[in-house]
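Written below as structure tokens is the structure these notes are about.
Chains as they are written, first to last, in full-length UniProt numbering: chain A, 1 to 739; chain B, 1 to 739.
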């Protein structure tokens with residue numbers, strides 16, 4: 001087939017001929033500028049849509065300067081300062097912060113917008129007992145020696161966090177055209193008016209632009225720098241920079257109660273997603289989501305009225321947009337684009353409801369850090385594609401694209417060849433599947449945590465797709481699910497506490513103790529544990545990863561230890577003797593050729609008694625356990641970093657837990673775990689793909705038949721079942737050469 | 001010198017000549033039988049004291065059988081049983097227990113002495129809602145589906161735990177003379193009368209015995225077996241077997257409130273020493289300690305009246321004796337003997353106040369498990385001696401001895417030769433030191449936990465000196481201290497919350513989060529943290545090991561994070577960027593030649609800011625940190641398994657924390673960390689000893705002088721400073737050949 005399209009190319013000035021040739025080769029039907037660069041004139045001559053970045057809440061620094069009170073704000077906390085002597089204690093709130101980014105705001109009612117808290121007792125100190133020495137020093141008249149104090153302070157954001165990062169990283173101080181862009185707050189009526197008129201004007205001035213790519217809208221995720229201008233605190237989900245005095249006033253009117261600085265500062269944890277969310281914070285999210293989507297809707301309307309599409313970049317100023325939030329579909333956004341760092345981040349984009357299309361930015365960016373003599377751009381492109389393809393098969397992105405400097409990429413012709421192949425393979429998934437998702441999910445998997453739907457595919461994440469030692473063990477669950485043949489829903493504890501939805505076949509609770517992902521105090525809720533116990537006992541299924549249902553109470557650390565058949569050793573049960581026998585031959589571990597890799601593991605875990613089948617152990621601790629519970633089943637996994645081995649293990653664990661292991665053999669799967677298969681009933685085709693950069697021979701099982709395929713590095717194969725019905729027996733049936 | 005004595009030899013029948021020869025060679029001045037064996041007639045002919053084991057609360061099985069109601073009792077908990085359907089729930093309390101050991105006692109008011117608890121809500125179920133089906137089944141009329149229930153049940157102890165273990169292990173069922181010994185409770189007046197008269201009679205019948213070695217008195221530590229007769233639960237400090245209906249009644253009279261079964265069962269944790277002790281349990285310990293010591297005092301009196309000494313074996317039925325408890329000295333016990341498994345267990349015996357002498361049982365026992373062709377009895381003897389010697393130097397045991405079958409040991413003449421050397425070296429420590437402890441402690445170290453003095457040298461222990469993966473990381477602190485030149489006190493949080501005692505130079509808090517050793521909720525006490533902060537700020541010193549002061553509250557996990565300069569990553573601060581620079585050149589780590597071994601470590605730990613000096617890191621986590629705090633200092637160590645390296649590290653950390661590092665060089669120490677030195681001012685001698693089985697060359701520093709010694713495997717050297725004044729400069733001064 002020769003259909004083209006679905007691909008966006010970054011272009012730049014001075015390479016018009018190469019652009020035309022590459023458009024043809026890659027089948028690109030859209031072009032875009034890179035952030036902060038201009039589109040070349042050739043753009044409007046191409047038979048392609050033209051995207052252009054647009055920043056509603058920064059970029060017009062003349063406006064910003066003319067409105068010094070319109071800065072967006074942060075709520076921040078000073079260091080924890082102990083009082084070591086009797087008498088006065090002076091706290092420098094700016095100690096550890098970057099003065100070019102953060103400016104304490106004392107033009108407000110500080111008795112309301114600032115707070116001094118005794119962190120030894122948790123008490124808020126009456127404003128009558130402290131005062132401002134100057135803009136950044138608070139004096140506490142009579143501190144108690146031996147107590148630790150903090151100041152929650154309200155501060156102006158003097159420099160947009162992302163622009164600041166780019167400015168510092170790229171030495172933009174050397175470029176006289178660059179300025180330090182100050183963000184302005186959409187809540188100020190004049191600024192809001194300005195945002196709308198500026199967009200209208202911009203649309204008029206840019207007839208060549210078909211798609212306005214908003215980056216993003218109004219409030220940046222929490223990204224704060226330290227006294228030497230390095231990153232101090234980053235929370236890709238953080239709402240700390242969405243605050244203002246007027247917003248807090250409005251909130252009080254709508255929700256009937258007032259928030260305090262501490263509701264944002266949250267003991268210094270700033271309501272990060274690992275914290276079990278407090279009702280106040282959930283209310284604030286709702287409030288901000290509602291407000292931001294209302295305003296975004298207006299800008300989208302202006303965009304549409306100008307005859308352009310509105311596209312949202314999932315990042316930067318995306319706070320309050322919440323693509324899985326209740327108000328998002330009302331915006332009428334045409335598209336969402338986001339960076340694809342893994343299968344999970346791919347699904348985070350491709351599953352977004354309420355938009356016409358989704359687009360993934362693939363790696364590597366055409367930047368000098370990869371495109372140099374030592375770099376491996378082809379390898380990076382392959383790995384990015386392999387990660388993403390698993391997700392795309394299950395839930396296709398509508399479009400793909402790259403970013404960076406095209407002039408750099410064309411110096412690597414082998415890379416361009418590989419990208420050409422990837423673009424074609426991407427299109428073929430849409431063409432061959434006839435636009436219908438594969439239908440081989442035997443049931444829906446529910447991922448259970450404190451956040452539920454609003455953090456779909458966004459769990460255990462600190463800063464987008466960055467690796468952290470403490471999260472990869474859990475992210476692997478999500479990464480596996482992103483490419484496995486199951487429907488996946490993200491459920492909150494509230495969603496299930498009065499009954500698990502009918503469609504759910506298996507509930508997964510994965511996370512470390514004391515976090516929102518494991519659940520922490522949610523498991524102290526009798527209603528929740530009672531419902532889940534009954535549901536499992538009635539034939540449901542529960543998979544716990546790491547420290548599932550962890551909450552020390554009433555003689556158990558894992559509150560569902562009776563369901564899981566295992567308990568965590570917290571050093572309170574060292575006196576209890578543990579006897580373990582490992583069952584090496586089990587359905588769940590049947591494809592596990594080597595020792596189970598559980599990443600950082602789930603701490604010391606032991607089986608409660610001989611009714612728990614232990615399937616893997618390390619250093620005396622249970623890594624995998626299977627347990628029958630009434631008519632249902634439970635599986636414990638100590639951790640599940642992503643790998644083909646672990647993804648298959650989860651695949652099997654889900655079948656076993658759901659009491660469907662008898663059906664696994666004839667359900668669609670490959671015997672070679674480094675390959676996967678998707679089945680498309682209406683097209684009557686299967687798609688087999690190799691998740692590795694080595695050649696793989698695999699046997700595809702499904703419908704009682706077997707197909708054999710040999711797939712080259714990162715290769716894939718469409719098999720039309722009308723043409724190739726497979727073999728009923730277990731014989732070899734090579735349907736393809738290496739591709 | 002040719003002085004003899006201080007050594008006890010186990011003897012047996014049929015080897016009279018060998019006994020006499022060995023008595024001479026080892027300088028033994030006492031002999032003993034092994035548990036359960038008779039003394040040979042030769043005993044009374046020897047110029048030696050004769051010890052004999054004696055069991056007050058078991059052994060007379062005719063008496064036991066005649067008094068079926070006099071069994072000692074346990075409080076035990078059934079398994080946690082979920083109700084999975086509506087209606088009745090029947091719980092088999094004996095599921096998982098050994099019927100030969102445990103017999104549910106239903107001859108009591110079960111509505112008071114048994115309890116059914118809903119472990120989902122924590123509520124105690126009214127006795128009107130449950131009933132006994134038979135002796136071991138409880139029926140709950142209306143269980144709530146999805147809730148988990150347990151039964152706390154009162155049970156008779158039908159078989160003494162240690163005798164049962166020996167019986168099963170040694171196949172005593174083949175020996176018709178052996179019976180299963182049933183324990184009887186000293187609280188029963190008739191049994192108490194019998195105990196006294198039996199001891200009187202026994203003393204009369206055993207004129208050859210000089211020392212009655214009580215094994216021990218009345219209540220066994222908690223040791224419960226499972227349904228197949230294997231160990232199920234072991235707590236060397238457990239009081240679960242000290243209960244009875246009359247004791248509980250008496251308790252209520254004395255303490256003014258009633259205890260419930262749950263006060264003993266403690267959610268199934270049975271108040272094990274890793275649990276932060278509840279006031280009720282501390283009251284029960286006090287109550288039992290008072291009662292047991294009163295009764296023991298009477299038996300000691302009978303012993304003395306018979307012209308014999310009373311010796312207590314620290315083990316088996318030692319519950320309530322509490323050698324560091326307030327009432328222990330009143331007993332008038334002559335001696336305590338215990339097994340020496342480490343330096344810490346050696347100090348646990350040698351530091352006991354209120355006795356005339358202490359005696360250590362050294363390893364290996366003369367048993368076939370070591371004394372065989374593959375065994376290494378000399379190696380075991382050396383390692384036992386090396387471990388113990390460090391402690392003996394600091395706080396001498398008065399006597400030493402071995403146990404087991406002498407007939408076995410004499411088949412290994414090289415072993416006997418080595419034991420002869422060890423006995424002589426042991427005596428020389430007493431002779432050369434002139435009975436005065438070395439005087440080189442610059443200050444007292446306070447080990448701070450929830451238990452304090454009563455668990456002196458007994459911290460972090462599950463079952464005497466047994467190794468557990470979860471404890472060795474912390475036991476190393478105690479093991480190091482047992483041989484380091486500091487005075488050591490064990491302090492409870494109550495001991496310091498209103499002020500740290502003057503003598504304390506450094507406080508150490510070592511343990512894992514959520515345990516009594518770290519402190520758990522004690523750190524939620526404002527008074528405690530305030531006092532310690534002020535004390536450190538005023539020039540005190542705090543060393544935290546593992547998860548010190550851990551208690552999640554008010555934005556901190558380590559409540560003294562401001563003092564320590566580090567915080568534990570509990571996944572709530574992943575969003576905070578961490579910047580670490582390792583200082584490789586520091587006083588504390590000056591002798592650390594290789595990577596620091598922190599055992600299981602203390603989890604992910606990070607420095608709060610650049611004021612914290614990070615001295616060692618692993619996998620991104622701080623292992624050693626030093627922090628100034630006001631006029632004081634703090635050190636964090638992620639773990640400290642015992643080794644010569646880590647003992648030296650602690651030695652230095654104590655000096656640094658106490659702000660005395662300037663004095664270290666001239667205070668007594670060896671530059672070779674595998675050797676140690678003790679200084680005896682009144683004798684004007686130093687004792688240098690090699691803690692390894694390899695030859696070590698070392699330079700001893702002290703008083704501005706230097707001495708050089710070369711010490712053979714496990715060797716030691718006394719240096720008389722009058723004869724050898726050392727060299728002022730750093731020159732070589734070999735004072736000894738290999739010995």
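All C-beta atoms in this analysis are idealised placements derived from N, C-alpha and C, irrespective of residue type, glycine included.
All of these numbers come straight from a predicted model, not from anything done at the bench.
Within 8 Å, strictly: CB atoms of residue i and residue j
| i | j | result |
| --- | --- | --- |
| residue 276 (chain A) | residue 521 (chain A) | yes |
| residue 505 (chain B) | residue 447 (chain B) | no |
| residue 176 (chain A) | residue 86 (chain A) | no |
| residue 569 (chain A) | residue 629 (chain A) | no |
| residue 90 (chain B) | residue 120 (chain B) | no |
| residue 6 (chain B) | residue 398 (chain B) | yes |
Expected contact under 8 Å - CB spacing of residue i and residue j to nearest Å
| i | j | result |
| --- | --- | --- |
| residue 311 (chain A) | residue 214 (chain A) | 7 Å |
| residue 614 (chain A) | residue 580 (chain A) | 5 Å |
| residue 590 (chain B) | residue 660 (chain B) | Contact doesn't hold; Cβ gap of about 15 Å is too wide. |
| residue 360 (chain A) | residue 346 (chain A) | 6 Å |
Proximity test, Cβ basis, 8 Å: residue i and chain A
| i | result |
| --- | --- |
| residue 551 (chain B) | no |
| residue 469 (chain B) | yes |
| residue 627 (chain B) | no |
| residue 269 (chain B) | yes |
Chain B contact for residue i (CB, 8 Å cutoff)
| i | result |
| --- | --- |
| residue 581 (chain A) | no |
| residue 219 (chain A) | no |
| residue 649 (chain A) | no |
Cut-off 6 Å between Cβ atoms - residues of its own chain near residue i, not counting five sequence neighbours on either side
| i | result |
| --- | --- |
| residue 701 (chain B) | 669 |
| residue 439 (chain B) | 681 |
| residue 424 (chain B) | none |
| residue 561 (chain B) | 567 |
Residues of its chain near residue i, where Cβ-Cβ distance is below 8 Å and the 5 sequence neighbours each way are ignored
| i | result |
| --- | --- |
| residue 666 (chain A) | 701, 702, 703 and 704 |
| residue 299 (chain B) | 56, 195, 196, 199, 214, 217 and 310 |
| residue 12 (chain A) | 33, 34, 37, 40, 405, 406 and 407 |
| residue 302 (chain A) | 196, 199, 200 and 203 |
Distance between residue j and residue i (C-alpha atoms, nearest Å)
| i | j | result |
| --- | --- | --- |
| residue 230 (chain B) | residue 533 (chain A) | 31 Å |
| residue 732 (chain A) | residue 707 (chain A) | Its pLDDT being 44, under 50, residue 732 (chain A) is placed unreliably in this model, and the coordinates cannot settle the point. |
| residue 81 (chain A) | residue 235 (chain A) | 24 Å |
| residue 611 (chain B) | residue 143 (chain A) | 23 Å |
| residue 45 (chain A) | residue 16 (chain A) | 10 Å |
| residue 387 (chain A) | residue 150 (chain A) | 44 Å |
| residue 690 (chain B) | residue 99 (chain B) | 51 Å |
| residue 734 (chain A) | residue 650 (chain A) | Since pLDDT at residue 734 (chain A) reaches only 39, below the 50 mark, its modelled position is unreliable, and the value read off the structure follows with that caveat. C-alpha separation (whole angstroms): 28 Å. |
| residue 484 (chain A) | residue 390 (chain A) | 8 Å |
Close beta carbons around residue i, own chain, < 7 Å, minus the five adjacent residues each side
| i | result |
| --- | --- |
| residue 59 (chain A) | 181 |
| residue 136 (chain B) | 92, 93, 94 and 104 |
| residue 353 (chain B) | 329 |
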